[in-house]
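Since the structure comes first, as structure tokens, the remarks are kept for the end.
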Ligand code: SF4
Ligand code: SF4
Ligand code: SF4
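Numbering (my numbering), first residue to last: 368 to 693.
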């Protein structure tokens, strides 16, 4: 994508009277860091970038910032929010539309066809973070790092994020403005992570998740970063009744993770943000992808691809098999 074109279009969008601000990516303060940019004018638009480091899903701000209560005596600013999205991010927007978490006339979707992001953990492991900002670009069939003037070409497979290896929708599924040309979807990798867990017997699977959940410090970063964890009254915060106790131990952690996984079944769009932000590296994607696959195989439903779809968890067919439907 041409950065000049991106910045020009972003400046035009934020100049519109019906647009409050634009949320996009900009360079962070050091190393590989990328920061969310809340852009209100042409100067802010000139800082926007789109690179293999822009892995964060900014759709979460549509509910995190935009749904905050308006202080008494103030009027809500009803103008639109413009949002830059990759394919996976656009699925989060679509799913929010399906759930009526947002309305279509509240957003201007700026689609960015996505050739795939680098895995930040793999990147820093191979090329440790520096104090100076590092530029990373797509280059042919790989990534090009510019570290203090030294250019390093890295094959795509060495750094591509797991979510991108498994990505079915690299092009935005909805957009009002599309930046650049659509990318050619690539051959999907095998989901070795889910297969590894599925390959164990029941006891082995229990042991696996026990070991993972025991590590959880219940920081709730995974919940807070998730574009689809936006209930104002989350059961995890409830004290009366208390659904999940505050104690950090295997039992309560397991309740938390199972509750969250089931709340996201048929809703998780696979952006991988929960796993990316987990400070203790719990492979949450394996849990979410397993449930996503069950929903796709058993019910033929895939979240975040059709804005006109009925929400999976809030709909049923009269001829659905099973006597569990009351
Ligand atoms: S999952 Fe797909 S759309 Fe999302 S960052 Fe990876 S390649 Fe891009
Ligand atoms: S981000 Fe990781 S440690 Fe924090 S609550 Fe989620 S799973 Fe637990
Ligand atoms: S559960 Fe994780 S992968 Fe799924 S939508 Fe939320 S942050 Fe993205």
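Virtual Cβ for every residue (Gly too), placed ideally from N, Cα, C. Source: prediction; values computed, not measured.
With 16 as the cutoff for other CB atoms within 10 Å, does residue i come out buried or exposed?
{"i": "residue 427", "result": "buried"}
{"i": "residue 665", "result": "exposed"}
{"i": "residue 530", "result": "buried"}
{"i": "residue 522", "result": "exposed"}
{"i": "residue 367", "result": "Because residue 367 is not part of the residues shown, which for the chain are 368 to 693, the question remains open."}
{"i": "residue 486", "result": "buried"}
{"i": "residue 579", "result": "buried"}
{"i": "residue 576", "result": "buried"}
{"i": "residue 538", "result": "buried"}
{"i": "residue 629", "result": "exposed"}
{"i": "residue 418", "result": "buried"}
{"i": "residue 453", "result": "buried"}
{"i": "residue 457", "result": "buried"}
{"i": "residue 448", "result": "buried"}
{"i": "residue 573", "result": "exposed"}
{"i": "residue 425", "result": "buried"}
{"i": "residue 570", "result": "exposed"}
{"i": "residue 535", "result": "exposed"}
{"i": "residue 609", "result": "exposed"}
{"i": "residue 671", "result": "buried"}
{"i": "residue 479", "result": "buried"}
{"i": "residue 389", "result": "buried"}
{"i": "residue 370", "result": "exposed"}
{"i": "residue 497", "result": "exposed"}
{"i": "residue 495", "result": "exposed"}
For a test of the three-state rule: what should DSSP assign to residue i, helix, strand or coil?
{"i": "residue 587", "result": "coil"}
{"i": "residue 619", "result": "helix"}
{"i": "residue 393", "result": "strand"}
{"i": "residue 575", "result": "helix"}
{"i": "residue 521", "result": "strand"}
{"i": "residue 379", "result": "helix"}
{"i": "residue 478", "result": "strand"}
{"i": "residue 569", "result": "helix"}
{"i": "residue 563", "result": "helix"}
{"i": "residue 487", "result": "helix"}
{"i": "residue 652", "result": "helix"}
{"i": "residue 629", "result": "helix"}
{"i": "residue 415", "result": "strand"}
{"i": "residue 679", "result": "helix"}
{"i": "residue 659", "result": "helix"}
{"i": "residue 549", "result": "coil"}
{"i": "residue 387", "result": "strand"}
{"i": "residue 468", "result": "coil"}
{"i": "residue 371", "result": "helix"}
{"i": "residue 409", "result": "helix"}
{"i": "residue 581", "result": "helix"}
Between residue i and residue j, which are expected to be in contact by the criterion C-beta below 8 Å, what is the C-beta distance as a whole number of angstroms?
{"i": "residue 638", "j": "residue 488", "result": "Rounded, the Cβ-Cβ distance is 16 Å, inconsistent with contact."}
{"i": "residue 461", "j": "residue 398", "result": "Actually they do not touch by this definition, with Cβ atoms about 33 Å apart."}
{"i": "residue 625", "j": "residue 542", "result": "Rounded, the Cβ-Cβ distance is 35 Å, inconsistent with contact."}
{"i": "residue 484", "j": "residue 556", "result": "With 8 Å as the limit, residue 484 and residue 556 do not qualify as a contact, their Cβ atoms being about 14 Å apart."}
{"i": "residue 652", "j": "residue 661", "result": "Actually they do not touch by this definition, with Cβ atoms about 15 Å apart."}
{"i": "residue 520", "j": "residue 506", "result": "6 Å"}
{"i": "residue 680", "j": "residue 633", "result": "6 Å"}
{"i": "residue 415", "j": "residue 373", "result": "6 Å"}
Does any heavy atom of ligand 4 sit closer than 7 Å to the C-beta of residue i?
{"i": "residue 585", "result": "Here the bound small molecules are ligand 1, ligand 2 and ligand 3; ligand 4 is not part of this structure."}
Please confirm if residue i has its CB atom under 8 Å from at least one CB of chain D.
{"i": "residue 500", "result": "Here there is only one protein chain, and chain D is not present."}
Any residue with its C-beta under 7 Å from a non-hydrogen atom of ligand 3 counts. Can you list them all in chain order?
424, 459, 589, 592, 593, 594, 595, 596, 631, 635, 636, 637, 638, 639, 640, 641, 642, 651, 652 and 655
Whose CB is closer than 5 Å to a heavy atom of ligand 1? List the residues in chain order.
453, 454, 455, 481, 483, 484, 530, 531, 534 and 537
Of all the alpha helix (DSSP H) runs that stay within the bounds of the segment 494-547, which reach a length of 4 or more residues?
523-526 and 529-532
Which runs of the alpha helix (DSSP H) fall wholly inside the segment 429-461 and span at least 4 residues, in chain order?
none
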